[in-house]
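**Q**
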Amino acid sequence: MHILRLQDILSGANIMIEPFLALQASAGSGKTFALSVRYIALLLSGASAKSITALTFTKKAASEMSERIVSTFLNLHKDEKSAELSVLCDMLEMSKDEVLSRRDLVSDEFLQSNLKITTFDAFFGMILRSFSLNLGLSPDFETKSEMSNLAQAQFIKNVAKNENLLTSLAIYIVLSSKSQTNFFETLHMFYENFDSVKTSGFVDFNAQNEALDIMSELKEIAVKRGGSQTAIKSFSVNSVEEIYEKSFLSRESLKYQVYSKIYDEAMDEKFVSLKEALKRHAAHLENFKLIELNGFLGAYKEALLQANAKLNMLTFTDITKLTHRLLNFNFDKDMLYFRLDERITHLLIDEFQDTNVMQYEIIYPLISEIVAGYGQNGLGSFFYVGDVKQSIYRFRGGKKELFGKILSDFSQVKEEKLNTNYRSAKNLVEFINEIFKDKIQNYTAQIPHSSEDGYIKVVQSDEIQDTCVSEVEALLKSGAKSEDITVLCWKNDDIRSICEALEQKGIASKDEGAMLLKNSPLVFAFINYVKFCLFGDEIYRYGAESFLGKNLIKLTVDFSKTAQQSLIYLAKKSAINMQNLDILKLIHLSAKSKNLINFIFEFENSDALSAQNSTNGVRVMTVHKSKGLEFEHVVLCDKTGKGRSESGNFICEYDVKNGYEIMLKLKNREYLDEEYAKIKLYSNELEEEEEINKLYVAMTRAKSSLVIIKKIGANGTNPSYFGAYTSNSKEVCYLDIPVQEIGKIKIKSKQISSEDKIVKKIELLSVAKEKTQAKTDDDEKNLHAIYFGLALHFLLEMSAKFNEDSIDKADILMRNKFSKFLSEDDLKDIKNRALMLIKNEKFKSAILDGELKKEQALSYKDELKQIDLLCFKANEILIIDYKSSKFSVEKNISQVQEYIQILSEIYPSKPVRGMLVYLLNDKIDILEI
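For what it's worth, my numbering labels the leading residue of the sequence shown as 1328, then goes sequentially.
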């Protein structure tokens, strides 16, 4: 890092600390550095660590921020931190010796302090615990990411007790043409953002009859005047809901071809009256639905409180809402600071563009207090940093508009921008400037700091996945290391298919989703076994046995034992390899939980990383996952599949001047109501802005090389991010990037620092080694593949006979079990494979006249085995093993050969043969053994 970089960041020499500063930090411009230097400058200016609070959004980001601050503070005297030291000299108007002397003076206090660098959720939780008794809460409550399943079950239980409310709920869901899942998504969204929704309290549906009468009159005119069948049919409706579906509502007049034979101005007068009636009906229907939603919202809040009280748990949403109520409706700043044991004098916030409205309203009184305190005694500061161009979390409530709202709410806050890009090569920075200068409002061109040219390639293809693999191969042939290449895509399903395609070419890859501890194959299997012991559901037994390759029995869990004691007991009894690093880490994590059930619930939402993550292999991840990261070489894929579909019953948008605006979604309502048209347009604009932001995030991850794979033949059902296309007669264009190639691939030689050479030893729980069978190949399985295989085996096991009727019935059972784990396309694929199997002549002939035993358990020499299908015939025994892919053919053959050997010893008088049946997505392959 060069001194020039830091001087650029903080705008030159002789800079005093701005007490109130908003920092717009573009991608790669050094925001983490700016934040850490400011924190240290506050310490060296006399602020105690207790008085400084730094907030961010994830535990990982908070941990990285802490490490950066501590490392910089402790190593200021070293050459590697000379740039930071130089900037601190400028900020504090001190010499280097004076800064280091001041650092040494406060060093002991700093190292003994508990740094308040944390997440929003943890900070709000700390406040809430301090006031828990005031709110009727137990101060020892536990936190959980979400409890939606428990809350939904309790909600339905409560609603079922009230016949009127139950009837209203059923009608509400039916009339909304939405699923139960969609209803709960809407309900939870309202719970997250509102205590209640404003309504007028008055509902009048007379406009409905008026609209139907006008349609009847228009139909009568069409009939009397000899109108076409199309014209007559367009006015034929049985309900007001059908009127909203009519395409003519988009017209300003009925004077066009369909009605040319029957049109006169009187028809347009009726048309205007129809639109006015529908506008009134929509407003009353909206009010009615909001009144009902308020009732459901009350029942939902009650259900959540009951679930909270029963388990002594609060979700992060609960904590945020309760803290919001505490600080906005009953704020006693003196009591707050007394309980927190220290006044918050200095507040720093990272990634501010991701803040939601409730978080903003919670920190608002704290910011006000800091600003007021500074006005009185010159003490205190507020600093926030972010980039509205990287706002990509609308789906979870992030409002980039709040970045600017601070500036308007507090005139004392000054704004600065970081315009130098220290991450990417020169060609990449200039390429991105050119692409986004007219796409992002008020875009400021970035200045490249690097003198390296960099490499850009834009290719066009109708096979995105295959081309992706080819481009990765090209990078590897040019000398790039696999661990320096990252493929970015848009959906988790894309990750899995790209990883499989890379593996087929012999290229090691890493599914970033699979890097979580909960997705580690052995942990996944063990947790499934634990759930089986706790809940008895067979799906969990299948999940464990499919990986472990042996039958498992249900054990009784002693709930007086801790979570850690219970896990050790179950691991020993099931012969889980307790020397496996991931299992050790799992047991180590469980030490914080009082009982096993609580730990299992919490672990479902854990973001703990696998202890065995390899750094080798091409990374494959979604764009959302890549935010905040940087990679040497990036291959960016176009989107696959269909465009996004609208969800939810309401448009719900936030405006900094007017707050939230809520309107009921109805087809063609924008042609009836100007206010609705405005909010729909605003919502669509925000959606499009976020799509552009995602592309900006994706393209700014690359340091040296950026390869973009652009789709050929895009259209409304097969959209593209990188080329213009037509949808519903309208042109859609996110970006329109021509095919091109700029620069050459340049491979940097890496030098390993002394820090990189040190292998840190993590002390985990010491557990005696258990004898277990090694499972190396199976570690390649991922969560999706396991569930897919489980579902296929389950479908075939549940089919009473191998015929279509049995498959149809088993399909229902399979969907009930696996619909929450697999997509609709997956479930259809599985059923189709089963149907191909029962029509396969070779398979039908093989099992003809045989006695069939499905999922047959086999105990031999103290080992448990399970055979998919065992067929006893008069003259032979046939072993059939199902597979959904040809991932490890040699291993599959070896497994069946072992079964043949065992059964041959058990039944020496009968010949035994085996068949491997591969149920692939387009055919059935049978291998006789």
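Note that beta-carbon positions come from the ideal geometry of N, C-alpha and C, so glycine has one too. Bear in mind the structure is a predicted one, so any value in this text is a computation, not a measurement.
Once DSSP output is grouped into helix, strand and coil, what is the label at S2081?
**A** Reliability of the predicted coordinates at S2081 is poor, the pLDDT of 31 falling under 50, and the value obtained from them is presented with this limitation in mind. Residue state, collapsed to three classes: helix.
**Q** Just how far apart, CA to CA, sit Y1896 and Q2222?
**A** So the two alpha carbons sit approximately 30 angstroms from each other.
**Q** How would you write the range of the beta strand (DSSP E) that R1946 sits in, first residue to last?
**A** Taken as a continuous stretch (DSSP letters only), the beta strand (DSSP E) holding R1946 covers V1945 to T1949.
**Q** Compare the C-beta of G1833 against all C-beta atoms of chain B and say whether one is closer than 8 angstroms.
**A** Among the chains in the structure shown there is no chain B, since it carries only a single protein chain.
**Q** Measuring CB to CB, does I1880 end up less than 8 angstroms from A1898?
**A** No, these two residues do not count as a Cβ contact at 8 angstroms.
**Q** Pull up the distance between the alpha-carbon of M2125 and that of T1794, whole angstroms please.
**A** So the two alpha carbons sit approximately 40 angstroms from each other.
**Q** What whole-angstrom Cβ distance do E2017 and R1750 have, given they're in contact under 8 angstroms?
**A** About 22 angstroms; that fails the 8 angstroms criterion.
**Q** Go ahead and label S2093 buried or exposed: buried means 16 or more other beta carbons lie within 10 angstroms of its beta carbon, across all protein chains shown.
**A** No answer about S2093 holds up, because its pLDDT of 35 lies below 50 and its placement is not dependable.
**Q** For V2066, report the span of its beta strand (DSSP E) as first-last.
**A** Note, V2066: premise wrong, no beta strand (DSSP E); not H, not E.
**Q** With 16 other CB atoms within 10 Å as the buried threshold, where does G1452 fall?
**A** Looking at its Cβ environment, which holds 16 or more other Cβ atoms inside 10 Å, G1452 is buried.
**Q** Quick one: is Y1583 buried, meaning 16 or more other Cβ sit within 10 Å of its Cβ, or exposed?
**A** That one is exposed.
**Q** Express the C-alpha separation of K1716 and L1706 in angstroms, rounding to a whole number.
**A** Roughly 33 angstroms separates the two Cα atoms.
**Q** Taking just the CA atoms, how far does K1488 sit from D1645?
**A** Each residue's Cα considered, the two are about 25 angstroms apart.
**Q** Under the rule that 16 or more other beta-carbon atoms within 10 Å means buried, what is K1726, buried or exposed?
**A** Buried, since its Cβ has 16 or more Cβ neighbours within 10 Å.
**Q** For the pair the stretch 1604 to 1612 and the stretch 2017 to 2030, tell me if three or more CB-CB distances fall below 8 angstroms.
**A** The stretch 1604 to 1612, when compared against the stretch 2017 to 2030, does not touch it at the 8 angstroms Cβ threshold.
**Q** Taking Cβ to Cβ, would you say L1653 is nearer than 8 angstroms to F1458?
**A** Yes, they are a contact pair.
**Q** Can you tell me whether D1352 is helix, strand or coil according to DSSP?
**A** Asp is not the amino acid found at residue 1352; the sequence shown has Ala there. It is a strand residue.
**Q** Look up G1731 in the DSSP assignment and say whether it is helix, strand or coil.
**A** Of the three classes helix, strand and coil, the one that applies to G1731 here is helix, per DSSP.
**Q** Are the CB atoms of I1444 and A1381 nearer to each other than 8 angstroms?
**A** Closer than 8 angstroms, so yes.
**Q** Note the first and the last residue of the continuous beta strand (DSSP E) segment covering C2060.
**A** Neither: C2060 is in no beta strand (DSSP E) and is coded neither H nor E.
**Q** Can you tell me which of the three DSSP states L2243 falls into?
**A** Here L2243 sits in strand by DSSP.
**Q** Who are the near neighbours of V1524 in its chain, counting only those whose CB is closer than 6 angstroms to its CB and skipping five residues on each side?
**A** Within the same chain, V1524 has close Cβ partners L1617 and N1621.
**Q** So, L2117 versus R2160, is the Cβ gap smaller than 8 angstroms?
**A** No, the pair does not count as a contact, with Cβ atoms beyond the cut-off.
**Q** For the candidate residues G1955, D1540 and M2242, whose alpha-carbon lies nearest to that of A1354?
**A** Nearest C-alpha to A1354: G1955.
**Q** For V1962 and I2019, which I take to be in contact (beta-carbon distance under 8 angstroms), what is that distance rounded to the nearest angstrom?
**A** Wrong, their Cβ atoms sit about 20 angstroms apart, outside the cutoff.
**Q** Which same chain residues, not among the five before or five after G1863, have their C-beta less than 7 angstroms away from its C-beta?
**A** K1881, listed in sequence order.
**Q** Would I1767 pass as a contact of Y1711 if the rule is Cβ separation under 8 angstroms?
**A** Cβ distance not < 8 angstroms, so I1767 and Y1711 don't count as in contact.
**Q** Hey, quick one: how far does the beta strand (DSSP E) through F1977 stretch, first residue to last?
**A** Start and end: F1977 to D1982.
**Q** According to the neighbour-count rule (16 or more other Cβ atoms, all chains shown, within 10 Å of its Cβ), is F1886 buried or exposed?
**A** It counts as exposed.
**Q** Roughly how many angstroms separate the alpha carbons of L2196 and G2241, rounded to a whole number?
**A** Taking the straight line joining both Cα atoms gives about 10 angstroms.
**Q** Can you have a look at D2252 and say buried or exposed, based on whether 16 or more other CB atoms are within 10 angstroms of its CB?
**A** When all chains shown are included, D2252 counts as exposed.
**Q** Contact defined as beta carbons within less than 8 angstroms: I believe Q2183 pairs with I2174. What is the distance between those atoms, to the nearest angstrom?
**A** That pair is no contact at about 14 angstroms.
**Q** Along the alpha helix (DSSP H) that carries S2010, what are the first and last residues, could you check?
**A** That run of the alpha helix (DSSP H) goes E2001 to M2026.
**Q** Rounded to a whole number of angstroms, what is the C-alpha to C-alpha distance between I1924 and K1888?
**A** One C-alpha to the other measures close to 11 angstroms.
**Q** Start and end of the beta strand (DSSP E) containing F1958?
**A** Residues F1958 to C1964.
**Q** Buried or exposed, going by whether 16 or more other CB atoms sit within 10 Å of the CB of Y1782?
**A** Answer is buried; the Cβ neighbour count reaches 16.
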